[in-house]
Amino acid sequence: MTRVAVVGNSHLGAIKLGWEQVSARHPEMQVEFFAAPGTHYYRLEMFEPRKFGLPPGSGTSPPALQCCDAIYASLVQNVPVGVT
36 MTRVAVVGNS
46 HLGAIKLGWE
56 QVSARHPEMQ
66 VEFFAAPGTH
76 YYRLEMFEPR
86 KFGLPPGSGT
96 SPPALQCCDA
106 IYASLVQNVP
116 VGVT
């Protein structure tokens with residue numbers, strides 16, 4: 036299985052929507068998306084073992100946090116290690 040992590044700003048939403056349209060044709064791929072809107076993108080970071088996203092105390096505004104949560108269903112992603 037090929038595992039891909041795609042990180043970006045809010046423009047990544049269009050790519051995520053496109054992937055949702057074609058992902059069934061590529062069951063051999065696992066793609067994870069994570070982005071933060073606008074100026075909050077620079078706050079994304081690796082922290083703790085295998086964690087990527089907006090860490091606690093990042094100073095990100097509640098509306099931006101709600102946006103990330105609504106679009107990506109999580110404010111923190113586990114980073115895949117290796118290939119399974």
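The opening residue of the sequence shown carries number 36 in the working numbering; numbering runs sequentially from there.
All C-beta atoms, glycine included, are put in the ideal place defined by N, C-alpha and C.
The structure displayed is predicted, hence computed values, not measured ones.
Residue i versus the options, residue with shortest Cα-Cα distance
i	options	result
Phe33	Val57, Pro97, Thr37, Ala49	For the chain, the structure presents residues 36 to 119; residue 33 sits outside this window and is missing.
Gly92	His75, Pro84, Cys102, Ala105	His75
Ser58	Glu83, Ala105, Val39	Val39
Gly94	Tyr77, Gln65, Glu55	Tyr77
Pro62	Thr37, Phe82, Pro90	Thr37
Beta carbon of residue i nearer than 8 angstroms to that of residue j
i	j	result
Ser45	Gly73	yes
Gly88	Leu100	no
Same chain only: Cβ atoms within 6 angstroms of residue i, ignoring 5 sequence neighbours per side
i	result
Gly43	Ala70
Lys51	Phe68
Val66	Val39, Trp54
Pro98	none
DSSP state of residue i mapped onto helix, strand, coil
i	result
Arg85	coil
Gly92	coil
Glu55	helix
Ala71	coil
Neighbourhood of residue i by C-beta distance below 7 angstroms, restricted to the same chain and skipping five residues each side
i	result
Ala105	none
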